[in-house]
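Student:
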Amino acid sequence: MTLLTRKGPAGPRASGRFASSLEGSLARALPTMDRRAFLKRSGIGVGVGLAASQLSLMRKAQAKDPAAVDSGSKQVVRRTVCSHCSVGCAVDAVVENGIWIRQEPVFDSPINLGAHCAKGAALREHGHGEYRLKYPMKLVNGKYQRISWDQALQEISAKLLDMKKKDGPDSVFFVGSSKHNNEQSALLRKFVSFFGTNNCDHQARICHSTTVAGVANTWGYGAMTNSYNDMQNARAAMYIGSNAAEAHPVSMLHMLHSKENGCKMIVVDPRYTRTAAKSDQYIRIRSGSDIPFLYGMLWHIFKNGWEDKEYIAARVYGMDKVREEVAKWTPDKVEEACGVPEAQVLQAAETMAKNRPSTVVWCMGQTQHSIGNAIVRASCILQLALGNVGKSGGGTNIFRGHDNVQGATDVGPNPDSLPAYYGLAAGAWKHWCAVWGVDYEWVKSQFASQAMMEKSGTTVSRWVDAVLEKNELIDQDSNVKAVFFWGHAPNSQTRGLEMKKAMDKLEMLVVIDPYPSATAAMAAMKVEGQEVNPNRAVYLLPAATQFETSGSVTASNRSVQWREKVIEPLFESRTDHMIMYQLAEKLGFGKQLVAKLKLVPGKGNMMEPEPESMLREINRGSWTIGYTGQSPERLKAHMRNMHMFDVKTLRCKGGKDAETGYDLTGDYFGLPWPCYGTPELKHPGSANLYDNSQHVMDGGGNFRANFGVERDGVNLLAEDGSFSKGADITTGYPEFDHVLMKKLGWWDELTDAEKLAAEGKNWKTDLSGGIQRVCLKVHGVHPFGNAKARAVVWNFPDPVPLHREPLFGTRPDLVAKYPTHDDKKAFWRMPTLYKTVQQKAVDDGLAKRFPIILTSGRLVEYEGGGEETRSNPWLAELQQENFVEINPKAASDRGIRNGDYVIVSTPTGARIKVRALVTQRVGVDTAFIPFHFSGWWQGKDMLEYYPEGAAPIVRGEAVNTATTYGYDSVTMMQETKTTICNIERFAG
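Residue numbers (my numbering): 1 to 988.
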């Protein structure tokens with residue numbers, strides 16, 4: 001292939017070059033005083049000196065100079081996918097003599113079109129990262145010491161077996177990772193199940209769990225309905241709670257192309273972000289007041305008759321109840337609650353209504369609230385009222401966070417479900433036991449009881465309370481006494497002070513990660529007056545990165561891409577699936593874990609499950625969401641032939657894979673799920689969900705019949721005449737099972753083998769795929785039925801979304817009008833407080849002591865908890881200190897000047913030290929701190945507590961050291977976007 005950048009020497013970089021480059025950039029940037037310039041000026045001496053001093057550690061392995069390459073040397077190109085956000089940017093890694101020497105953005109990729117953000121451009125560094133965890137370590141007398149893999153695995157497994165016998169399997173909590181590929185995610189859920197617990201979770205809980213629950217309960221699937229690419233077909237787009245320009249930079253390519261074609265862009269956010277800078281209309285709202293704003297829009301839409309009445313009548317249930325609630329939100333009440341004048345609300349409503357199809361984008365600005373489930377449903381209702389769902393250019397484009405947070409949610413370690421959202425009922429377990437090739441009774445025997453086997457575990461947002469809460473108040477036999485952090489950053493979670501107490505109380509803490517993460521430093525750190533369990537054992541195990549293995553990853557738009565292995569695992573790291581298998585062997589269920597999987601030699605010729613084999617197991621079982629058609633062979637053909645796919649539609653107009661002869665014609669890129677049936681059925685994937693203008697075998701569909709056929713005598717199925725193109729049934733219908741197939745006379749269209757497998761089954765549990773084949777290919781109907789979307793979700797605390805004030809707020813006057821939920825005694829196994837906390841905050845007058853709303857979010861330079869990206873010298877150069885954005889008036893009132901160190905304090909008692917960035921980006925009532933930082937603890941650098949040589953280059957205060965209590969009433973999402981603080985000038 002042709003590489004579009006010039007080849008250059010691959011020798012070591014000089015620290016002088018790094019420092020002079022930084023200083024040159026500074027000289028150019030300082031006059032503009034943007035955020036980077038400000039921070040560089042404030043920390044230039046420390047930043048450059050620190051980064052440059054550590055550069056001597058770089059590049060222990062060297063590729064040969066091109067001039068000296070002998071005839072036996074060979075460059076190879078491995079195609080992979082960026083491991084940062086969920087856009088799914090493709091990367092070609094150039095490898096020479098086993099060394100990753102260069103990278104190229106893939107210009108043929110229909111997703112990133114040859115573009116990278118700063119993080120993507122610096123990706124290669126992870127393949128050489130000198131700040132990685134290099135070998136297993138154990139905390140001994142406050143310091144991390146090197147140990148062997150054999151010792152680590154033996155001690156960890158022995159402790160696990162002892163704890164399972166003594167305290168039961170629920171005494172262990174496993175935090176998985178949205179950085180795991182799909183295969184590792186599914187394997188970890190199986191691993192945890194065979195250990196005998198549902199106490200497992202991953203990052204989706206604290207980023208988009210409210211989206212998944214809210215959206216799935218509205219129309220069937222809890223995922224982005226359209227795609228980044230399809231936004232080019234929108235005539236209006238509203239970003240509400242999304243700063244895509246920093247969180248998903250390459251996605252903005254598609255939006256900017258859309259703007260060139262006349263798309264009107266609205267940004268609704270408490271901050272004037274880089275995304276807002278591209279908008280046609282910016283609206284500043286008070287954090288957490290999304291529902292009043294959205295209902296304010298709907299008030300004008302209903303008043304002016306702009307709703308799509310025909311669409312609502314045919315495809316939506318319960319909109320009349322929503323109208324009743326919306327009628328209460330007159331313009332004066334909307335402005336009182338969210339601070340937006342009527343004219344701005346009307347303009348937004350009119351823009352969305354008169355420029356259809358129009359789309360709504362949201363991220364964690366909507367989800368991370370104690371009413372997050374209600375906020376996202378209000379956004380769904382807006383789109384249903386406008387008839388925008390199931391339309392190209394419309395939909396709800398929900399931008400996920402990590403590179404595989406979508407896939408990990410779909411098939412990974414969720415506490416309330418087995419892979420593919422099957423739930424935890426006995427039927428779900430029997431289905432997956434058949435897929436895994438294990439005996440259901442054996443799996444059941446691993447759990448404390450069948451009741452615990454079918455009970456949702458606790459969540460990653462509450463593991464701290466699972467450790468600290470009084471035993472009689474939790475809904476399991478034992479408190480949690482051991483925690484695995486398997487690719488998770490603790491600084492991404494709230495209530496950091498209490499988390500430290502929980503870490504100190506544990507009997508065992510295991511961190512499995514390419515980077516030691518803040519967990520290692522937090523665990524080793526001593527807090528004055530705080531006792532540490534004298535019997536606690538802490539282990540660090542070096543995992544390989546995703547560039548040191550192969551496997552599939554699911555982007556936010558549901559497209560699945562296959563990563564090729566770029567390099568062998570560095571140092572003593574091992575792949576996550578090898579570690580799972582080796583631990584399972586020690587724990588006594590190694591054979592069961594890989595019963596239906598192929599083992600292949602991995603690092604050091606040690607055996608590990610083959611990624612392709614693991615994907616085929618996902619294919620065999622994930623009928624509910626259509627993860628069945630994306631075979632490794634189809635995905636690899638897509639990766640080799642990206643140039644064949646249309647940038648706007650993602651569809652291949654024609655062409656065959658030269659290597660295998662596979663015909664890609666009609667496929668959507670990455671076979672976005674649902675890709676129904678077996679791979680042989682050749683379903684093309686579904687680019688836009690619920691689009692009934694397309695045949696189901698062209699990716700078309702309708703809303704899912706997942707909630708019954710009627711409620712209180714009201715029809716829940718689609719009305720006559722509402723059906724997907726070409727369907728044999730032209731009205732609403734329920735989901736398909738063997739009984740319905742027989743009643744319709746379709747049973748005999750199954751083969752004899754399919755009949756045998758499908759007898760007594762439904763479209764989700766028929767392992768032959770026969771029911772899906774006959775429905776889709778023969779009759780053009782959707783196997784999951786044809787129903788109405790639910791504007792009223794009767795199984796949620798607020799069936800119609802209601803605005804409720806956050807637990808900690810600056811408006812006690814509004815708490816009386818819009819109080820939070822009642823306390824819950826047993827919720828995801830934990831007692832969970834709502835009104836008690838909110839009312840105490842009002843009674844204690846906290847709004848006067850902490851008068852500023854504190855919110856948090858992303859920067860373009862870093863990702864997630866930041867340990868990985870802050871260990872990358874090219875990114876560390878760009879952002880060297882954490883900071884708080886504070887409005888000029890708020891700063892002036894406190895005697896704070898730009899660049900001062902300040903103390904941000906919250907009701908938790910935490911006091912974090914950051915730089916002040918005085919800016920009008922935030923209103924006078926709001927402050928913003930990025931959440932990517934860790935390595936400081938209330939003003940103290942934690943460098944001494946990291947494993948030697950494995951500390952990130954840039955360290956700073958974690959905003960979540962200071963964030964407060966508060967959880968969503970459905971999913972236990974943490975309330976990080978709305979808490980309260982005070983800011984004062986640092987006196988030191």
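Every residue gets a Cβ at the ideal spot worked out from N, C-alpha and C, and that includes glycine. Because the structure is a prediction, the values reported are computed rather than measured.
Measuring straight from C-alpha to C-alpha, what distance separates H180 and L541?
Tutor: The count along the sequence shown starts at 1 and reaches residue 180 at position 180. The count along the sequence shown starts at 1 and reaches residue 541 at position 541. Whole-angstrom Cα-Cα distance: 15 Å.
Student: Which same chain residues, not among the five before or five after Y311, have their C-beta less than 6 Å away from its C-beta?
Tutor: In the sequence shown, residue 311 corresponds to position 311, counting from 1. Cβ neighbours of Y311 beyond the five flanking positions: G387.
Student: How far does the alpha helix (DSSP H) with D290 in it reach, from first residue to last?
Tutor: Sequence index remark: in the sequence shown, residue 290 carries index 290 (1-based). From DSSP, the alpha helix (DSSP H) with D290 extends over D290 to K303.
Student: With which residues is H927 paired in a DSSP beta bridge?
Tutor: The residue you call residue 927 lines up with position 927 of the sequence shown. Rather than His, the amino acid found at residue 927 in this sequence is Ala. A927 pairs with L854 and I886.
Student: What is the DSSP secondary structure of S185, reduced to helix, strand or coil?
Tutor: For this step, residue 185 is matched to residue 185 along the sequence shown. S185: helix per DSSP, three-state reduction.
Student: Got a sec? Which residues, its chain only, sit under 7 Å from S287 by beta carbon, not counting five neighbours each side?
Tutor: As a first step, residue 287 must be located in the sequence shown, where it is residue number 287. Hits under 7 Å: P270, I853, T855, T926, K977 and T978.
Student: Taking the beta carbon of D599 as the centre, do at least 16 other beta carbons fall within 10 Å, making it buried, or is it exposed?
Tutor: Reading the sequence shown from its first residue, position 599 is the one you call residue 599. It is Leu, not Asp, that sits at residue 599 in the sequence shown. Exposed, because fewer than 16 other Cβ atoms sit within 10 Å of the Cβ of L599.
Student: Could you tell me the alpha carbon to alpha carbon distance between P534 and F827, rounded to whole angstroms?
Tutor: Locating residue 534 in the sequence shown gives position 534, where the first residue counts as 1. Locating residue 827 in the sequence shown gives position 827, where the first residue counts as 1. One C-alpha to the other measures close to 31 Å.
Student: On the premise that M525 lies in contact with Y945, defined as a C-beta separation below 8 Å, what is that separation, rounded to the nearest angstrom?
Tutor: Position 945 of the sequence shown, counted from the first residue, corresponds to residue 945. Position 525 of the sequence shown, counted from the first residue, corresponds to residue 525. About 5 Å; that satisfies the 8 Å criterion.
Student: Could you spell out where the beta strand (DSSP E) holding P331 opens and where it closes?
Tutor: Position 331 of the sequence shown holds residue 331. Premise fails: P331 lies in the alpha helix (DSSP H), P331 to C338, not in any beta strand (DSSP E).
Student: Which term fits T919, buried or exposed, when burial requires 16 or more other beta carbons within 10 angstroms of its beta carbon?
Tutor: The sequence position of residue 919 within the sequence shown is 919, counting from 1. T919 is buried by the Cβ-count criterion.
Student: Could you pull out every unbroken alpha helix (DSSP H) segment of at least 4 residues lying fully inside the segment 746–813, listed in chain order?
Tutor: Qualifying alpha helix (DSSP H) stretches, in chain order: 752–758 and 770–773.
Student: Which same chain residues end up closer than 6 Å to L473 when comparing Cβ atoms and leaving out the 5 residues on each side of it in sequence?
Tutor: Counting from one through the sequence shown, the residue named residue 473 turns up at place 473. Once the five neighbours on either side are set aside, the close Cβ partners of L473 are P831.
Student: When DSSP builds the beta bridges, which residues end up paired with M265?
Tutor: Numbered from 1 along the sequence shown, position 265 holds the residue referred to as residue 265. In DSSP, M265 forms a bridge with A237.
Student: What are the boundary residues of the beta strand (DSSP E) that includes I381?
Tutor: As a working mapping, residue 381 is identified with position 381 in the sequence shown. First-last for I381: G372 to A385, but that is the alpha helix (DSSP H), not the beta strand (DSSP E).
Student: Who are the near neighbours of L908 in its chain, counting only those whose CB is closer than 7 Å to its CB and skipping five residues on each side?
Tutor: As a first step, residue 908 is located in the sequence shown; it is residue number 908 there, counting from the start. First, the amino acid is wrong: residue 908 is Thr here, not Leu. Taken in chain order, the residues that qualify are R495, L497, A962 and T964.
Student: Please classify R921: does DSSP put it in a helix, a strand, or coil?
Tutor: Here residue 921 refers to the residue found at position 921 when the sequence shown is read from its first residue. Coil, per DSSP.
Student: Near F796, what residues of its chain come up, given a Cβ to Cβ distance below 7 Å and the 5 sequence neighbours on each side ignored?
Tutor: Here residue 796 refers to the residue found at position 796 when the sequence shown is read from its first residue. Cβ neighbours of F796 beyond the five flanking positions: N217, N373 and V970.
Student: Report the option in K648, D667 and G988 whose CA atom is closest to the CA atom of D657.
Tutor: Reading the sequence shown from its first residue, position 657 is the one you call residue 657. The residue with the shortest Cα to Cα distance from D657 is D667.
Student: What runs of the beta strand (DSSP E), each 3 residues or longer, lie entirely inside the segment 516–567?
Tutor: Those beta strand (DSSP E) runs which fall completely within the segment 516–567 and span 3+ residues are 537–542, 551–554 and 560–563.
Student: Do C207 and V405 have their CB atoms nearer than 8 Å?
Tutor: In the sequence shown, counting from the first residue as 1, residue 207 sits at position 207. In the sequence shown, counting from the first residue as 1, residue 405 sits at position 405. Taking 8 Å as the Cβ cut-off, C207 and V405 qualify as a contacting pair.
Student: In chain order, which beta strand (DSSP E) runs of at least 3 residues are fully inside the segment 115–167?
Tutor: Correct list: 137–140 and 143–146.
Student: Going by DSSP, what residue range makes up the beta strand (DSSP E) through I512?
Tutor: Here residue 512 is taken as the residue at index 512 of the sequence shown, counted from 1. Segment M508 to D513, the beta strand (DSSP E) holding I512.
Student: Determine the DSSP secondary structure at R985, reduced to helix, strand or coil.
Tutor: To locate residue 985, count along the sequence shown from 1; it is residue 985. Reduced to three states, the DSSP call for R985 is strand.
Student: Per the contact definition of three or more C-beta pairs closer than 8 Å, is the segment 165–181 in contact with the segment 388–407?
Tutor: The segment 388–407 vs the segment 165–181: in contact.
Student: Using only the heavy atoms of the ligand PLP, determine whether one of them is closer than 7 Å to the beta carbon of G732.
Tutor: The model depicted lacks the ligand PLP and carries no ligand whatsoever.
Student: In three-state terms, what does DSSP make of R78?
Tutor: Counting from one through the sequence shown, the residue named residue 78 turns up at place 78. Correct three-state label for R78: strand.
Student: Compare the C-alpha of W149 against each of K817, I512, A727 and E861 and name the closest.
Tutor: Counting from one through the sequence shown, the residue named residue 149 turns up at place 149. Taking only the C-alpha atoms, the option nearest W149 is I512.
Student: If contact is defined by three or more beta carbon pairs under 8 Å, each pair taking one atom from either stretch, is the segment 648–663 in contact with the segment 709–725?
Tutor: Flag = no, the segment 709–725 and the segment 648–663 do not touch.
Student: In the structure shown, what three-state DSSP assignment does M33 receive?
Tutor: For the purposes of this step, residue 33 is taken as the residue at position 33 of the sequence shown. Its pLDDT being 41, under 50, M33 is placed unreliably in this model, and the coordinates cannot settle the point.
Student: I'd like the list of long-range same chain contacts for M297, defined as Cβ closer than 8 Å, with 5 residues on each side in sequence excluded.
Tutor: One-based indexing of the sequence shown puts residue 297 at position 297. Contacts found: V345, A348, A349, M352 and L382.
Student: Could you pull the start and end residues of the alpha helix (DSSP H) that T351 belongs to?
Tutor: Translated into the one-based positions of the sequence shown, residue 351 becomes position 351. Note, T351: alpha helix (DSSP H), E342 to K354.
Student: If you drop the 5 nearest sequence neighbours on each side, which residues of the same chain put their C-beta closer than 8 Å to that of V411?
Tutor: Locating residue 411 in the sequence shown gives position 411, counting from the first residue. Contacts found: N182, S185, A186, R189, P419, A420, I618, S622 and Y627.
Student: Got a sec? Which residues, its chain only, sit under 7 Å from T80 by beta carbon, not counting five neighbours each side?
Tutor: Here the question's residue 80 lines up with position 80 in the sequence shown. Closer than 7 Å at Cβ, skipping near neighbours: V91, A93, F547, R563, E564 and V566.
Student: Opposite W936 in the DSSP bridges: which residues?
Tutor: Stepping through the sequence shown from its first residue, residue 936 is reached at position 936. In the DSSP output, where bridge partners are listed per residue, W936 has D941 and E957.
Student: Would you mind giving the Cβ-Cβ distance between H202 and E975, rounded to the nearest angstrom? I have them listed as a contact below 8 Å.
Tutor: Within the sequence shown, residue 202 is the residue found at index 202, counting from 1. Within the sequence shown, residue 975 is the residue found at index 975, counting from 1. Not a contact, Cβ separation roughly 19 Å.
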